[in-house]
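According to UniProt numbering, the sequence shown holds residues 1 to 501 in order. We put the beta carbon where it would ideally sit given N, CA and C, even for glycine. To keep things clear, I will list the structure first and then write my remarks on it.
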Amino acid sequence: MIAETCKTIELEKSLSNIELFEEFDLTDGHPWVSNINSNHANYYNCLYKIANREKPRRILELGTAFGLSAATMLKASPNIELFVSLDLGIYGEQLGFSQNNIDFARTRIHQWCCHRKIPLNRIRFYRANSQPGVVGDNENFGVEIRKWYDIPDLVRLLTHYEFDVIFVDGKHTDDGLYNDFVTVWQLLRDGGLIICDDLHDEKTYGKIFSWAGQTLESFHRFTNEHKAEIDDQYIWNYPRVMPMDYTGLRPFGLIRKKKRMILELTKKWFDFFNKQESLAIIQARQDHLASLGLDLSYKSVLEVGCGIGKDTCFFEKLGCTIHSTDSRPENVAEYLRRRPDRKGFVDIVDLNCSNSHVKFGKFNIVYCYGTLHQLENPSQCLKELSKNCKDLFLLETCVNSLDNGNINSVYADDQGEDKPFNEIKCRPARDWIMQELKKYYPYVYCTRTQPAHSDYPIIWPANREEFINTRCVFVASKRVLCHPTLIPDIPQSQGRLEPII
């Protein structure tokens, strides 16, 4: 239990702040020097002890400030594989410091990493706004800072990885803490821990802190809304900074995410979705999609050919609302068995039928990955889904190795219980797909890079002896897209997306 852990920490010998920060060269040069030199400011010792017990490999932080909390958690985590920290980066200038606060933190902590031979690409700092809408810091300064979901490298990291510990110390006023909780909850692994601070009550602290009562309200609102997903929670009225009186108290909020039951697959057919080769393709194409810089966050999404739901979490992490469909009843049943919380948002729909998806209405994004080549009549699919698309149509499919302008029908292999839903499939040519999409969308693009997987050629025509499957990605839009990652022509050569780490 979290409460018992906190009580144990209170009885343990504390690490001094000098012990924590001297090796990071963080004992001066920032606004909290008085805390470093105090034996009474136990805030960072508390954070260290909590983080150390979690043994995290991946940590996410909202609110870098001058790097003290980042340094604390890194020192507490000898097995760290990835650390990502976000901040508006306006604090240094507001306080009259010569250096941007996030640059200050990055410089000091990267020096520490170099001494310990920790790769710098695994300890990352971003100037980014974690809040949705036109919202900044406690006084709403910094609204012009780029949103986290507008930074492709950050989207790649946060959609790909799950985090063991997430420390939230961003916007405190209004719904700031609540908004950050909603954002990071999808990024936290099952069984992981969220830590926040400054849960001051309004009655005692209302005249001292502008956020008093508001952070506490955000904490209770979120934990009430997500109680079915929460294993444990606790407000720890013990961590403190200077001064020594009651105004130095900085109550922590701690939330443990519940572990989901690991369900055995009900049929051998579903093993296909968990095969390493299938997971590798899903990972590669999601990473590639994240790299394109498209406006994907907080959108309505129609996901077709959803299988058992392996792609859904990508859009969930971006704050989207998703409706998913698949032609196989057994896929939908398995999806809902694994994710009963998605009931009412997953349907059995056959793309071979006319007006198959009209009843679901319009969506900002239609996501059709890994489905088109499974159909006998791909032109009908593209026409039907265009009726659902308000803005973006995202397409990934197996294609013909040659641009011959044809659908290129193929007969599917009979694999017993794994018999294909359609006995006749297709391998449409890239030029056929581009022309077909242009019937419904004024702007159609290929991508400059291909996903980092061997099924995606980078030289065309693709060598048939080299590829079992040849895959490609297309983006169709109702408005012009000015992204360097997209090209309006069919390329004869493409780059290969480089790994983010």
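Endpoints, alpha helix (DSSP H) assigned at residue i
i           : result
residue 76  : Segment: none, residue 76 is in no alpha helix (DSSP H) and carries neither H nor E.
residue 112 : 101-115
residue 214 : 214-225
Residue i vs residue j beta-carbon contact at 8 Å
i           : j           : result
residue 477 : residue 440 : no
residue 313 : residue 299 : no
residue 517 : residue 315 : Residue 517 is absent from the structure shown; the chain starts at 1 and stops at 501.
residue 138 : residue 211 : yes
residue 403 : residue 429 : yes
residue 293 : residue 152 : yes
residue 190 : residue 2   : no
residue 52  : residue 36  : no
residue 48  : residue 20  : yes
residue 59  : residue 180 : no
residue 116 : residue 67  : no
residue 230 : residue 260 : no
residue 80  : residue 56  : yes
residue 24  : residue 112 : yes
residue 309 : residue 339 : yes
residue 146 : residue 121 : no
residue 372 : residue 397 : yes
residue 288 : residue 497 : yes
residue 431 : residue 490 : yes
residue 333 : residue 453 : no
residue 10  : residue 238 : yes
Where residue i falls: helix, strand or coil (DSSP)
i           : result
residue 260 : coil
residue 467 : coil
residue 21  : helix
residue 445 : strand
residue 88  : coil
residue 129 : strand
residue 253 : strand
residue 248 : helix
residue 462 : coil
residue 493 : strand
residue 3   : helix
residue 124 : strand
residue 118 : coil
residue 499 : coil
residue 372 : helix
residue 318 : coil
residue 486 : strand
First and last residue of the uninterrupted beta strand (DSSP E) at residue i
i           : result
residue 233 : 230-236
Short CB-CB distance (under 8 Å) between residue i and chain C
i           : result
residue 388 : The question asks about chain C, but that chain is absent: this structure has only one protein chain.
For the pair the stretch 438-457 and the stretch 477-486, tell me if three or more CB-CB distances fall below 8 Å.
yes
Could I get the ranges of all uninterrupted beta strand (DSSP E) runs contained in the stretch 268-315, with 3 residues as the minimum, in chain order?
300-304
Considering only residues of the stretch 321-368, which uninterrupted alpha helix (DSSP H) runs meet the minimum length of 4 residues and lie entirely inside it, listed in chain order?
329-338
Enumerated in chain order, which unbroken segments of the beta strand (DSSP E) with a length of 3 residues or greater are wholly contained in the stretch 143-209?
163-168, 188-196
Enumerated in chain order, which unbroken segments of the beta strand (DSSP E) with a length of 3 residues or greater are wholly contained in the stretch 378-434?
With a minimum length of 3 residues, the continuous beta strand (DSSP E) runs that stay inside the stretch 378-434 are 389-398, 409-411, 424-426.
Every unbroken alpha helix (DSSP H) inside the stretch 27-83 [4 residues or more]
33-36, 43-54, 68-75
I'd like to know if the stretch 374-383 and the stretch 335-350 are in contact, where contact means that at least 3 CB-CB pairs between them fall below 8 Å.
no
Can at least three beta-carbon pairs, one atom from the stretch 133-149 and one from the stretch 270-289, be found at a separation below 8 Å?
They do not touch, by the three-pair rule.
Segment contact flag, the stretch 167-181 with the stretch 54-70, C-beta cutoff 8 Å, min 3 pairs:
yes
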